[in-house]
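Following the numbering used here, the numbering of the sequence shown begins with 35 at its first residue and continues without gaps.
Below is one structure, written out as structure tokens, with a few remarks after it.
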Amino acid sequence: MAGRYGNDQLGLALLLLYLVMSLLLPGGRLRWLALIPFFFFWYRFLSRDLLRRSAENQAFLQWCEPFRQLLSRKRAQHADRTHRYYTCPGCRQTLRVPRGRGKIQITCPKCGRTITKRT
Numbered sequence: 035m036a037g038r039y040g041n042d043q044l045g046l047a048l049l050l051l052y053l054v055m056s057l058l059l060p061g062g063r064l065r066w067l068a069l070i071p072f073f074f075f076w077y078r079f080l081s082r083d084l085l086r087r088s089a090e091n092q093a094f095l096q097w098c099e100p101f102r103q104l105l106s107r108k109r110a111q112h113a114d115r116t117h118r119y120y121t122c123p124g125c126r127q128t129l130r131v132p133r134g135r136g137k138i139q140i141t142c143p144k145c146g147r148t149i150t151k152r153t
């Protein structure tokens, strides 16, 4: 199938959406809604308009980037067992403090607000 676009991240997301919808939607007429992402996946997969499909994928990746960054940050925070992360209520700055110190006062370096938390 030379000259076809093939699969990419948007295609995988469409297939995942199809699988989730086909499992969650009840049978009957609503089940047909699950086929929409499936047919759109095949349309993109067999398309010869490489530039347009690539632009669609880039737009999808830009839309997903904030979610990916948030997930990556949360994974790193969860893996960091020696520190605890808090959010300043004044400026929403993420504050990193050592674990196991008991009740401490945290001063935000950005806005100067003091918070008392238990680590």
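Backbone N, C-alpha and C define an ideal beta-carbon position, used for all residues, glycine too.
Please read all numbers here as calculations on a predicted model, not as lab measurements.
Less than 8 Å between the CB atoms is what I'm expecting for residue i and residue j, so what's the real figure, rounded?
i, j, result
"residue 56", "residue 63", "Wrong, their Cβ atoms sit about 14 Å apart, outside the cutoff."
"residue 136", "residue 126", "Residue 136 to residue 126, Cβ: 25 Å. No contact."
"residue 128", "residue 139", "Not confirmed; about 17 Å, so no contact."
"residue 71", "residue 85", "With 8 Å as the limit, residue 71 and residue 85 do not qualify as a contact, their Cβ atoms being about 22 Å apart."
Between the C-alpha atoms of residue i and residue j, what's the straight-line distance to the nearest angstrom?
i, j, result
"residue 111", "residue 82", "43 Å"
"residue 143", "residue 106", "24 Å"
"residue 49", "residue 80", "14 Å"
"residue 38", "residue 148", "59 Å"
"residue 73", "residue 53", "13 Å"
"residue 59", "residue 90", "27 Å"
"residue 134", "residue 119", "13 Å"
"residue 68", "residue 87", "22 Å"
"residue 46", "residue 76", "11 Å"
"residue 146", "residue 121", "13 Å"
"residue 108", "residue 101", "11 Å"
"residue 130", "residue 104", "16 Å"
"residue 141", "residue 132", "14 Å"
Could you pull the DSSP bridge partners for residue i from this structure?
i, result
"residue 139", "150"
"residue 117", "132"
Which term fits residue i, buried or exposed, when burial requires 16 or more other beta carbons within 10 angstroms of its beta carbon?
i, result
"residue 216", "With the chain covering only 35 through 153, there is no way to say anything about residue 216."
"residue 78", "buried"
Given 8 Å, three or more beta-carbon pairs between the stretch 81-99 and the stretch 115-122: no
Meets three-Cβ-pair contact criterion under 8 Å: the stretch 87-94 and the stretch 36-45: yes
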